[in-house]
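FYI, UniProt numbering numbers position 231 of the sequence shown as 231, with every residue one higher than the one before it.
Even for Gly, the Cβ is constructed at its ideal location relative to N, Cα and C.
This one's a predicted model, so the numbers in the text were calculated from it and none came from an experiment.
To start, the structure under review is shown below, and the notes come after it.
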Amino acid sequence: MRSVALLSLVLSVASASPVKRWDYSKYFDLQGHRGGRGETIENTLPSFAWGLINGVTSLEMDLGLTKDGHLIVWHDESIDPTKCKDTGAVVENDPLYPYVGKYIANLTLAQVKTLDCGSLRLNDFPFQEIYAGTKLSTLPEMFDFVSCATDEEVLFNIETKVDGDYHNLTRSAEDFVKAIGNIYGQYNIWDRVTHQSFEWLALVYSKEWFTQLRTSALVDDSTIYKQLPSGSGGNLTVHGTGPSNWLAGIDIDTFPGDTIAERVARAAASINADFISPSVTAVTVDPAQKGWIGFVNQTMVDTAHELGLQVKPWTANRKNIFEYLFDIGVDGIITDYPHELRRLLEHKGGYPLAPVGDVDRIMGCLAKHNQYTEAKGDGKGY
1 MRSVALLSLV LSVASASPVK RWDYSKYFDL QGHRGGRGET IENTLPSFAW
51 GLINGVTSLE MDLGLTKDGH LIVWHDESID PTKCKDTGAV VENDPLYPYV
101 GKYIANLTLA QVKTLDCGSL RLNDFPFQEI YAGTKLSTLP EMFDFVSCAT
151 DEEVLFNIET KVDGDYHNLT RSAEDFVKAI GNIYGQYNIW DRVTHQSFEW
201 LALVYSKEWF TQLRTSALVD DSTIYKQLPS GSGGNLTVHG TGPSNWLAGI
251 DIDTFPGDTI AERVARAAAS INADFISPSV TAVTVDPAQK GWIGFVNQTM
301 VDTAHELGLQ VKPWTANRKN IFEYLFDIGV DGIITDYPHE LRRLLEHKGG
351 YPLAPVGDVD RIMGCLAKHN QYTEAKGDGK GY
């Protein structure tokens, strides 16, 4: 029965109206990471509202898949106590309560919707604006908000959070791809969405089942090789060897190239990805620092471009790194500070930029669509 249902879904996608082919691709791809978590609480409707106001090209976000099959816009595999607070159980004596600390794959939508994920400002982002009491949104709720907030064909770069090493911590790649296919089909939004994932098997399924859906191969120095015996991540000087659980079993050293960067680009091309989205750095955090090694570099960009892939690194949060990425010719940048990157791009000139959003309209739609827990607190937002 599962194969019949999947075939029906694939046929419905194939018969959908032709896509408009990414009108927003004419702009430099300024992406607000998790909406723009340096400026607003991450992966929430408020963060996407301010991303639109700041004139991003793409809203970047993550998805978890609940026990009962709902796609939740959230990054972490489990509910992080530094980001969310419990407000009460769905039912009396719920054995899973408190929900903070539990894995999304083990929670229902109703349980997730009790969480306040808007009241806590992260220590690493001291200018982050809070919207106290904010609930997490489903993927359809996010699309409905954006449709209300703008008529612009803003793009969406959406990551499926599948754990490549510990498969019992998240729902499977197959489950995620079926779920996103259902929603994208309902909204007929194939021409505006990129499916990104560190777990490349999910991208392979996307290309097989939904040919209209573009894919982006997420990668960093800790996922390109089999984990070290200690279980720790690697870098470009110390790492494991052999096929990676994250790369659909690919061993990047089977590809030609004198550098890791070149072989990574060829590996992404081998799964027919449209984009490669690498971590910016592997050693230290700034090009001005001694010992700095860029994970994304000129060789990776040149090789990717030769193979027909665009390169959109994450997460660039320093002006020195912005300048480095401009110099090597990347096609987009994912940042926690879209306002700052936008301002730099405007000062530099020569980069086509998406229009900024209508503040009154966006804030009106946020007031209409954002959901709050009963224990909202005193947060005022902007």
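Discussion item. Can you check which of these residues, 203, 117, 349, 228, is closest to residue 165 by C-alpha distance?
Written reply: Here residue 165 corresponds to residue number 165 of the sequence shown, with the count starting at 1. Checking every option, the nearest Cα to that of residue 165 belongs to 228.
Worksheet entry | For residue 147, the three-state DSSP class (helix, strand or coil) | Position 147 of the sequence shown, counting from 1, holds the residue named residue 147. If DSSP states are grouped into helix, strand and coil, residue 147 belongs with the helices.
Worksheet item: Around the C-beta of residue 230, are 16 or more other C-beta atoms found within 10 angstroms, so that it is buried, or is it exposed?
Response: Within the sequence shown, residue 230 is the residue found at index 230, counting from 1. Exposed.
Worksheet item: Which of the three DSSP states, helix, strand or coil, is assigned to residue 200?
Response: As a working note, residue 200 is residue 200 in the sequence shown. Three-state DSSP puts residue 200 in a helix.
Worksheet item: Going by the CB atoms, is the gap between residue 90 and residue 105 shorter than 7 Å?
Response: Here residue 105 refers to the residue found at position 105 of the sequence shown. Here residue 90 refers to the residue found at position 90 of the sequence shown. Result no, Cβ atoms of residue 105 and residue 90 do not sit closer than 7 Å.
Fill in: Within 7 Å, strictly: CB atoms of residue 179 and residue 65
Your numbering for residue 179 matches position 179 in the sequence shown. Your numbering for residue 65 matches position 65 in the sequence shown. Yes, the pair counts as a contact, with Cβ atoms nearer than the cut-off.
Worksheet entry | N- and C-terminal bounds of the beta strand (DSSP E) containing residue 332 | Taking the sequence shown and counting its residues from 1, one reaches residue 332 at position 332. Taken as a continuous stretch (DSSP letters only), the beta strand (DSSP E) holding residue 332 covers 332–335.
Fill in: Buried or exposed (CB count within 10 angstroms, at least 16 for buried), residue 343
As a working mapping, residue 343 is identified with position 343 in the sequence shown. Flag for residue 343 reads exposed.
Item to complete: Please determine, among 156, 317, 135, the residue with the shortest C-alpha to C-alpha distance to residue 335.
Response: Numbered from 1 along the sequence shown, position 335 holds the residue referred to as residue 335. Of the candidates 156, 317, 135, the one whose C-alpha sits nearest the C-alpha of residue 335 is 317.
Worksheet entry | Spatial neighbours of residue 261 in its chain, beta-carbon cut-off 6 Å, leaving aside the 5 residues before and after | Within the sequence shown, the letter at position 261 stands for residue 261. Excluding residues within five positions, the ones whose Cβ falls inside 6 Å are 297, 299, 300.
Worksheet item: Between the Cα of residue 401 and the Cα atoms of 218, 94, 257, 116, which residue gives the shortest distance?
Response: No information on residue 401 is available, as it lies outside the stretch 1 to 382 that the chain covers here.
Discussion item. When you compare the stretch 348–356 with the stretch 60–78, are there three or more beta-carbon pairs, one atom per stretch, that lie closer than 8 Å?
Written reply: no
Worksheet item: Can you name the start and end residues of the alpha helix (DSSP H) that residue 278 belongs to?
Response: By 1-based counting over the sequence shown, the position of residue 278 is 278. Taken as a continuous stretch (DSSP letters only), residue 278 belongs to no alpha helix (DSSP H), being part of the beta strand (DSSP E) at 275–278.
Worksheet item: Can you pull the DSSP bridge partners for residue 103?
Response: Residue mapping note: residue 103 aligns to position 103 of the sequence shown, counting from 1. Bridge partners of residue 103: 78.
Item to complete: Just the C-alpha distance for residue 151 and residue 355, rounded to the nearest angstrom, thanks.
Response: Translated into the one-based positions of the sequence shown, residue 151 becomes position 151. Translated into the one-based positions of the sequence shown, residue 355 becomes position 355. In this structure, the straight-line span from the alpha carbon of residue 151 to that of residue 355 is close to 11 Å.
Practice prompt. Buried or exposed for residue 308, please, with buried defined as at least 16 other CB atoms from any protein chain shown within 10 angstroms of its CB.
Written response: Position 308 of the sequence shown holds residue 308. By the 10 Å Cβ count, residue 308 comes out exposed.
Practice prompt. Check whether the Cβ of residue 189 lies closer than 7 Å to any Cβ atom in chain B.
Written response: No chain B appears in the structure shown, which is made up of a single protein chain.
Discussion item. Just verifying my parser: in three-state terms, what is the DSSP assignment at residue 284?
Written reply: For this step, residue 284 is matched to residue 284 along the sequence shown. If DSSP states are grouped into helix, strand and coil, residue 284 belongs with coil.
Fill in: Top-ranked residue by Cα proximity to residue 444, from 266, 319, 196
Here the chain has residues from 1 to 382 only, and residue 444 is not among them.
Discussion item. What does the alpha-carbon distance come out to for the pair residue 239 and residue 291?
Written reply: Here the question's residue 239 lines up with position 239 in the sequence shown. Here the question's residue 291 lines up with position 291 in the sequence shown. The alpha-carbon atoms of residue 239 and residue 291 are separated by roughly 17 Å.
Discussion item. So the candidates are 84, 365, 153, 282; which of them puts its Cα closest to the Cα of residue 102?
Written reply: Stepping through the sequence shown from its first residue, residue 102 is reached at position 102. When each option's Cα is compared against that of residue 102, the closest is 84.
Worksheet item: So what's residue 57 in DSSP terms, helix, strand or just coil?
Response: Taking the sequence shown and counting its residues from 1, one reaches residue 57 at position 57. It is coil, neither helix nor strand.
Item to complete: Find the nearest neighbour of residue 210 within the set 53, 225, 189, judged by alpha-carbon distance.
Response: As a working mapping, residue 210 is identified with position 210 in the sequence shown. Comparing Cα-Cα distances from residue 210 to each of 53, 225, 189, the minimum goes to 189.
Practice prompt. Determine which residues share a DSSP beta bridge with residue 91 and list them.
Written response: Stepping through the sequence shown from its first residue, residue 91 is reached at position 91. According to DSSP, which records beta bridges pairwise, residue 91 is partnered with nothing at all.
Worksheet entry | For residue 52 and residue 202, the rounded distance between their alpha carbons | Here residue 202 refers to the residue found at position 202 of the sequence shown. Here residue 52 refers to the residue found at position 52 of the sequence shown. Those two C-alpha atoms are separated by around 28 Å.
Worksheet item: Helix, strand or coil: how does DSSP classify residue 306 here?
Response: Residue mapping note: residue 306 aligns to position 306 of the sequence shown, counting from 1. It is helical.
Worksheet item: Do you know how far the Cα of residue 283 is from the Cα of residue 57?
Response: Numbered from its first residue, the sequence shown carries residue 57 at position 57. Numbered from its first residue, the sequence shown carries residue 283 at position 283. Straight-line Cα distance between these residues: approximately 29 Å.
Discussion item. Going by DSSP in three states, residue 23 sits in which element: helix, strand or coil?
Written reply: As a position in the sequence shown, residue 23 is number 23, starting the count at 1. If DSSP states are grouped into helix, strand and coil, residue 23 belongs with the helices.
Worksheet item: Where does residue 255 fall in DSSP's three states?
Response: Taking the first residue of the sequence shown as 1, we reach residue 255 at position 255. In the structure shown, residue 255 sits in coil (DSSP, three-state: anything other than H, G, I, E or B).
Fill in: residue 10 to residue 45 span [Cα, whole Å]
Here residue 10 is taken as the residue at index 10 of the sequence shown, counted from 1. Here residue 45 is taken as the residue at index 45 of the sequence shown, counted from 1. Here residue 10 scores only 49 on pLDDT, less than 50, and its place in the model should not be relied on; the value that follows carries that caveat. Distance between the alpha carbons of residue 10 and residue 45 is about 30 Å.
Worksheet entry | Buried/exposed call for residue 32, threshold 16 Cβ in 10 Å | For the purposes of this step, residue 32 is taken as the residue at position 32 of the sequence shown. Its Cβ being crowded by 16 or more others within 10 Å, residue 32 is buried.
Discussion item. Using DSSP's beta-bridge definition, name the partner residues of residue 195.
Written reply: On the sequence shown, residue 195 is found 195 positions in, with the first residue counted as 1. DSSP lists 158, 215 as partners of residue 195.
Worksheet item: Can you check whether the CB of residue 156 is closer than 7 Å to the CB of residue 193?
Response: By 1-based counting over the sequence shown, the position of residue 193 is 193. By 1-based counting over the sequence shown, the position of residue 156 is 156. In this structure, the beta-carbon distance from residue 193 to residue 156 falls below 7 Å.
Worksheet item: Can the beta-carbon of residue 116 be found closer than 7 Å to that of residue 99?
Response: Taking the sequence shown and counting its residues from 1, one reaches residue 116 at position 116. Taking the sequence shown and counting its residues from 1, one reaches residue 99 at position 99. Against a cut-off of 7 Å, the Cβ pair of residue 99 and residue 116 comes out as no contact.
Worksheet entry | Beta-carbon gap between residue 222 and residue 277 smaller than 7 Å | Translated into positions along the sequence shown, residue 222 becomes position 222. Translated into positions along the sequence shown, residue 277 becomes position 277. No, they are not a contact pair.
Item to complete: Report yes if the C-beta distance between residue 118 and residue 224 is below 7 Å; otherwise report no.
Response: One-based indexing of the sequence shown puts residue 118 at position 118. One-based indexing of the sequence shown puts residue 224 at position 224. By the CB criterion at 7 Å, residue 118 and residue 224 fall outside the cutoff.
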